[in-house]
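Undergrad: Before we start, here is the structure in question, set down as structure tokens.
Protein chains: 2
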Amino acid sequence: MASLSGSWRDAYKGMSSDNIKGLVLALSSSLFIGASFIVKKKGLKRAGASGLRAGSGGYSYLLEPLWWVGMITMIVGEIANFAAYAFAPAILVTPLGALSIIISAALAHVILHEKLHTFGLLGCVLCVVGSITIVLHAPQEQEIDSVLQVWNLATEPAFLLYAAAVVGAAIILIVQFVPQYGQSHVMVYIGVCSLVGSLSVMSVKALGIALKLTFSGMNQLIYPQTWVFTLIVLTCVITQMNYLNKALDTFNTAVVSPIYYVMFTSLTILASVIMFKDWDRQDGTQIVTELCGFVTILSGTFLLHKTKDMVDGSSSLGNLALRLPKQLEDSNGFEQEGIPLTLRRHECTKSPRPMRQFILPQDGPEAV
Amino acid sequence: MASLSGSWRDAYKGMSSDNIKGLVLALSSSLFIGASFIVKKKGLKRAGASGLRAGSGGYSYLLEPLWWVGMITMIVGEIANFAAYAFAPAILVTPLGALSIIISAALAHVILHEKLHTFGLLGCVLCVVGSITIVLHAPQEQEIDSVLQVWNLATEPAFLLYAAAVVGAAIILIVQFVPQYGQSHVMVYIGVCSLVGSLSVMSVKALGIALKLTFSGMNQLIYPQTWVFTLIVLTCVITQMNYLNKALDTFNTAVVSPIYYVMFTSLTILASVIMFKDWDRQDGTQIVTELCGFVTILSGTFLLHKTKDMVDGSSSLGNLALRLPKQLEDSNGFEQEGIPLTLRRHECTKSPRPMRQFILPQDGPEAV
């Protein structure tokens, strides 16, 4: 076994210090964001107990300190996520966004006593296993010592073609499809915010690198490219946020979140592979393994969202109690305005209607 | 991208020719075994249409050619699986047993029109993704050119300790626990057949290597060790089969199969790591990645078995139609006697009782 422990250290020497910093930032981002949902929910409940509920148009939560603690926690999480992109490749940071779902599910299980279905637990396991696989096989971040270098990467033909395709597709969706199908097909809104979101991440990464270099003494603010990237960040993030809110406002979160996670993460990885050529420094085995890890995370998030409102039945495995979803109040107009660089994972559904619980005995006597 | 395709070839030069042979044999084994269930089921149905059903004690299926085709297909699959162990490490071959579940689920979907639930499809995806991860990171088989070498590996202190622990635990379970808890706790029977099963696989691997060498001109039958391994194979397989049948006869297949798959595969990998020192030739990243692949396959098989009798509802995601299981006839006494080196994946449940279908509208009007 001695040779085994030695090889453990070798494995971890394999990750560059930048990748490790990016990993730590991404994990803490998930921790903060995941926790923020629970703290805000607690704040909303407390505010709802003493004043008009947010779902019924009340704004008493704005006076509730706990809600503000939740808000600050989320902003800290988004900043950590922003910084993570400056240190590690997007293929490592973006998928880890799924971990915040686990953290909020686990905290909800413990603090809010919202029981997690067996499949939900399985979803958590899959997200962790998939994340470990991606972290172990993510490409090393290439050395970048000037925002001009990032600008050159961004203005290479391949990425310009990608960006043009994304902008073109987004415009067509917005002009042509949103008016006709926006309210009926979830893919329209999500298509826009995923496409634009991939450009958000690339520009955030460029801006993050510029700020990182500036803080380490190599001032990048003197370059106009830094300000062009800042402009792109603002434009993309606002567009992304706008259409994501439309999607969340029109369709059930359990439908929007998994689809958005899949499209946003896939397009971001694609953009990163094209712009930063992540896969040129990797062999086939690593690339395929990363994709396997990614599919595993997707499956985990899919399970988590699909079973969010399902509860395990009584002791015997045979019973599958279906607690039809107790519709949660629309938390508040403001909360939907959170910065959606990562996955928006809060519950906001329309009408508060309690449903009866139906238990279907699998092996029990013939139902009369 | 040119460098990418070059690296694909590098990745696959990484797998030794023996590992590739083992992989092909293991995949074909899953194909044959998976298909055999469908063919046998067809044969049983055809036999049941013209004579007394197997579930009601009839043996007309023995005169049904289609059933025999299914039986032969299964035996060919088990032989391929036996041979796979002679070429590739158990950590590569054993988990791939899960693929036969996918093949039988997919064929049942196409040929028997047994619809697969969305989660079942997800289970198939996870089994494939997990298998790819394991195949890409499985250790290379060490060069063995005599059965004496295998004997030396088997008689090293570490493995002798493992074997003694397994035999001891099995005896305690059989003598102490089976009489009292065998009929009420599924873990008792499965514990025995999983423990003994891990020794079956090691002895099958030893015997397979001896036969492989003999066929390639280095006669190993002259060594008594070959016959000792043969004796161990027979003893272990008969014990394993006996207690697996007890488990399948007492408990629901949907409970037995996933638990058996988890315990049998985990113990086999453990035995292989101890005896053949698979992990000594690997670094931490590969070992952790393999374990992630294994957990992914476990999750996939768990999903497949848990949702075997669940059917997707109508088009809208909201409806989750629960088709209570149409109990399948106990296929036949003999079929349970198949050689269970791999996972027993057939449905045999007690009483043929058609159940009514309950559809629960998730968003529909309040149920009266």
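Protein chains in written order, with the working numbering: chain A, 1469 to 1836; chain B, 1469 to 1836. All residues carry an ideal CB built from backbone N, CA and C; glycine is no exception.
With E1546 (chain A) as the anchor, note down where its alpha helix (DSSP H) starts and where it stops.
TA: Numbered from 1 along the first sequence, position 78 holds the residue referred to as residue 1546 (chain A). Residues 1533–1555.
Undergrad: Could you spell out where the alpha helix (DSSP H) holding E1634 (chain A) opens and where it closes?
TA: As a working mapping, residue 1634 (chain A) is identified with position 166 in the first sequence. Note on identity: in this sequence residue 1634 (chain A) is Val, with Glu being the wrong assignment. Segment 1625–1640, the alpha helix (DSSP H) holding V1634 (chain A).
Undergrad: So what's H1653 (chain A) in DSSP terms, helix, strand or just coil?
TA: For the purposes of this step, residue 1653 (chain A) is taken as residue 185 along the first sequence, with counting starting at 1. Of the three classes helix, strand and coil, the one that applies to H1653 (chain A) here is coil, per DSSP.
Undergrad: K1745 (chain A) by DSSP, collapsed to three states: which one?
TA: For the purposes of this step, residue 1745 (chain A) is taken as residue 277 along the first sequence, with counting starting at 1. Of the three classes helix, strand and coil, the one that applies to K1745 (chain A) here is coil, per DSSP.
Undergrad: Could you check if S1485 (chain B) is buried or exposed, using at least 16 other CB atoms within 10 Å of its CB as the buried criterion?
TA: Translated into positions along the second sequence, residue 1485 (chain B) becomes position 17. Exposed: under 16 other Cβ atoms inside 10 Å.
Undergrad: Closest Cβ-Cβ distance between S1767 (chain B) and chain A: below 7 Å?
TA: Looking up residue 1767 (chain B) in the second sequence gives position 299. Closer than 7 Å: yes.
Undergrad: Against L1629 (chain B), what residues of chain D qualify as contacts under a CB-to-CB distance less than 8 Å, listed in chain order?
TA: No chain D appears in the structure shown, which is made up of the protein chains A and B.
Undergrad: Considering only residues of the same chain and omitting the five flanking positions on each side of A1558 (chain A), which have a CB-CB separation below 6 Å?
TA: If you number the first sequence from 1, residue 1558 (chain A) lands on position 90. The answer, listed in chain order, is V1669, T1736, S1740.
Undergrad: Do the segment 1691–1706 of chain B and the segment 1638–1648 of chain B meet, that is, are 3 or more Cβ pairs less than 8 Å apart?
TA: In short, these stretches do not touch, since the Cβ pair count stays below three.
Undergrad: Just to confirm, are I1569 (chain B) and E1758 (chain B) a CB contact at a threshold of 7 Å?
TA: The residue labelled residue 1569 (chain B) in the question sits at position 101 within the second sequence. The residue labelled residue 1758 (chain B) in the question sits at position 290 within the second sequence. Against a cut-off of 7 Å, the Cβ pair of E1758 (chain B) and I1569 (chain B) comes out as no contact.
Undergrad: Check each candidate in B:L1699, B:I1640, B:G1768 and name the one with the smallest Cα separation from P1726 (chain B).
TA: As a working note, residue 1726 (chain B) is residue 258 in the second sequence. That would be B:G1768, whose Cα lies nearest to the Cα of P1726 (chain B).
Undergrad: Identify which residue in A:G1502, A:A1573, A:W1536 has its Cα closest to the Cα of L1512 (chain A).
TA: In the first sequence, residue 1512 (chain A) corresponds to position 44, counting from 1. Among A:G1502, A:A1573, A:W1536, the Cα nearest to that of L1512 (chain A) is on A:W1536.
Undergrad: So which of B:L1604, B:Q1651, B:V1561 has the shortest CA-CA distance to V1724 (chain B)?
TA: Position 256 of the second sequence holds residue 1724 (chain B). Nearest C-alpha to V1724 (chain B): B:Q1651.
Undergrad: Give the range of the alpha helix (DSSP H) segment to which H1585 (chain B) is assigned.
TA: Residue 1585 (chain B) sits at position 117 when you count from the first residue of the second sequence. That residue, H1585 (chain B), is in no alpha helix (DSSP H); it is neither H nor E in DSSP.
Undergrad: Write down every uninterrupted run of the alpha helix (DSSP H) in the segment 1727–1776 of chain A whose length is 4 residues or greater and which is fully enclosed by it, in chain order.
TA: Fully enclosed alpha helix (DSSP H) runs of 4 or longer: 1752–1774.
Undergrad: Going by other Cβ atoms of all chains shown within 10 Å of its Cβ, with 16 needed for buried, is D1746 (chain B) buried or exposed?
TA: To locate residue 1746 (chain B), count along the second sequence from 1; it is residue 278. Looking at its Cβ environment, which holds 16 or more other Cβ atoms inside 10 Å, D1746 (chain B) is buried.
Undergrad: In whole angstroms, what is the alpha-carbon distance linking V1593 (chain A) and V1763 (chain B)?
TA: Working through the first sequence from its first residue, we reach residue 1593 (chain A) at position 125. Working through the second sequence from its first residue, we reach residue 1763 (chain B) at position 295. So the alpha carbons of these two residues sit roughly 8 Å apart.
Undergrad: Determine the direct distance from the alpha carbon of G1565 (chain A) to that of V1654 (chain A), and round the result to whole angstroms.
TA: Walking along the first sequence from the start, residue 1654 (chain A) turns up at place 186. Walking along the first sequence from the start, residue 1565 (chain A) turns up at place 97. Distance between the alpha carbons of V1654 (chain A) and G1565 (chain A) is about 21 Å.
Undergrad: Starting from L1560 (chain A) and walking both ways along the alpha helix (DSSP H), at which residues does that stretch end?
TA: To locate residue 1560 (chain A), count along the first sequence from 1; it is residue 92. Here the alpha helix (DSSP H) through L1560 (chain A) covers 1558–1561.
Undergrad: Which term fits I1579 (chain A), buried or exposed, when burial requires 16 or more other beta carbons within 10 angstroms of its beta carbon?
TA: Here the question's residue 1579 (chain A) lines up with position 111 in the first sequence. I1579 (chain A) comes out exposed.
Undergrad: Quick check: is the beta carbon of L1716 (chain A) nearer than 7 Å to any beta carbon in chain B?
TA: In the first sequence, residue 1716 (chain A) corresponds to position 248, counting from 1. So no, L1716 (chain A) is outside the interface.
Undergrad: Does DSSP classify H1577 (chain B) as helix, strand or coil?
TA: Here residue 1577 (chain B) refers to the residue found at position 109 when the second sequence is read from its first residue. Residue state, collapsed to three classes: helix.
Undergrad: Check the Cβ of L1594 (chain A) against every Cβ in chain B and list those closer than 9 Å, keeping chain order.
TA: To locate residue 1594 (chain A), count along the first sequence from 1; it is residue 126. Those are L1594, V1763, T1764, S1767, listed as they occur along chain B.
Undergrad: Does E1624 (chain B) pass the burial test, meaning 16 or more other C-beta atoms within 10 Å, or should it be called exposed?
TA: Taking the second sequence and counting its residues from 1, one reaches residue 1624 (chain B) at position 156. It is exposed - the Cβ of E1624 (chain B) has fewer than 16 other Cβ atoms within 10 Å.
Undergrad: Cα separation between G1591 (chain B) and G1761 (chain A)?
TA: Looking up residue 1591 (chain B) in the second sequence gives position 123. Looking up residue 1761 (chain A) in the first sequence gives position 293. Whole-angstrom Cα-Cα distance: 15 Å.
Undergrad: Tell me where the alpha helix (DSSP H) around L1702 (chain B) begins and ends.
TA: Within the second sequence, numbered from 1, the residue matching residue 1702 (chain B) stands at position 234. Counting along the chain, the alpha helix (DSSP H) containing L1702 (chain B) begins and ends at 1692–1718.
Undergrad: DSSP state of Q1644 (chain B), grouped into three classes?
TA: On the second sequence, position 176 is the one that residue 1644 (chain B) refers to. Q1644 (chain B): helix per DSSP, three-state reduction.
Undergrad: Within 7 Å of any Cβ in chain B, is that where the Cβ of T1733 (chain A) sits?
TA: Counted from its first residue, the first sequence places residue 1733 (chain A) at position 265. No, its Cβ sits nowhere closer than 7 Å to a Cβ of chain B.
Undergrad: Using a threshold of 7 Å, state whether the C-beta atoms of T1534 (chain A) and R1514 (chain A) are closer than that.
TA: Within the first sequence, numbered from 1, the residue matching residue 1534 (chain A) stands at position 66. Within the first sequence, numbered from 1, the residue matching residue 1514 (chain A) stands at position 46. Position check: residue 1534 (chain A) holds Leu in this sequence, whereas Thr was assumed. Cβ distance < 7 Å, so L1534 (chain A) and R1514 (chain A) count as in contact.
Undergrad: Anything in the segment 1658–1677 of chain B with a Cβ closer than 9 Å to a Cβ of chain A? List those residues in chain order, please.
TA: Answer set for the segment 1658–1677 of chain B: empty.
Undergrad: Just checking: is the beta-carbon of V1597 (chain A) within a distance shorter than 7 Å of some beta-carbon in chain B?
TA: Translated into the one-based positions of the first sequence, residue 1597 (chain A) becomes position 129. Yes - at least one Cβ of chain B is within 7 Å of the one on V1597 (chain A).
Undergrad: Is there a C-beta anywhere in chain B that falls below 7 Å from the one on L1428 (chain A)?
TA: For residue 1428 (chain A) there is no data in the structure shown, the boundaries of chain A being 1469 and 1836.
Undergrad: Let me know if R1812 (chain A) comes out buried or exposed under the rule of 16 or more other beta-carbons within 10 Å of its beta-carbon.
TA: Indexing the first sequence from 1 puts residue 1812 (chain A) at position 344. In this predicted model, R1812 (chain A) has a pLDDT of only 38, less than 50, meaning its place in the structure is not dependable enough to derive any value.
Undergrad: Going by C-alpha to C-alpha distance, which of A:T1721, A:F1697, A:L1738, A:Q1608 sits closest to L1629 (chain A)?
TA: Along the first sequence, read from residue 1 onward, the residue named residue 1629 (chain A) stands at position 161. Of the candidates A:T1721, A:F1697, A:L1738, A:Q1608, the one whose C-alpha sits nearest the C-alpha of L1629 (chain A) is A:L1738.
Undergrad: Going straight from the alpha carbon of R1821 (chain B) to that of N1720 (chain B), what length do you get?
TA: Start at 1 with the first residue of the second sequence, and residue 1821 (chain B) comes out as number 353. Start at 1 with the first residue of the second sequence, and residue 1720 (chain B) comes out as number 252. Because R1821 (chain B) carries a pLDDT of 34, less than 50, the predicted location of this residue cannot be relied on, and the following value inherits that uncertainty. Each residue's alpha carbon lies about 15 Å from the other.
Undergrad: Under 7 Å between C-beta atoms, does T1601 (chain B) make it to chain A?
TA: If you number the second sequence from 1, residue 1601 (chain B) lands on position 133. Cβ-Cβ to chain A under 7 Å: yes for T1601 (chain B).
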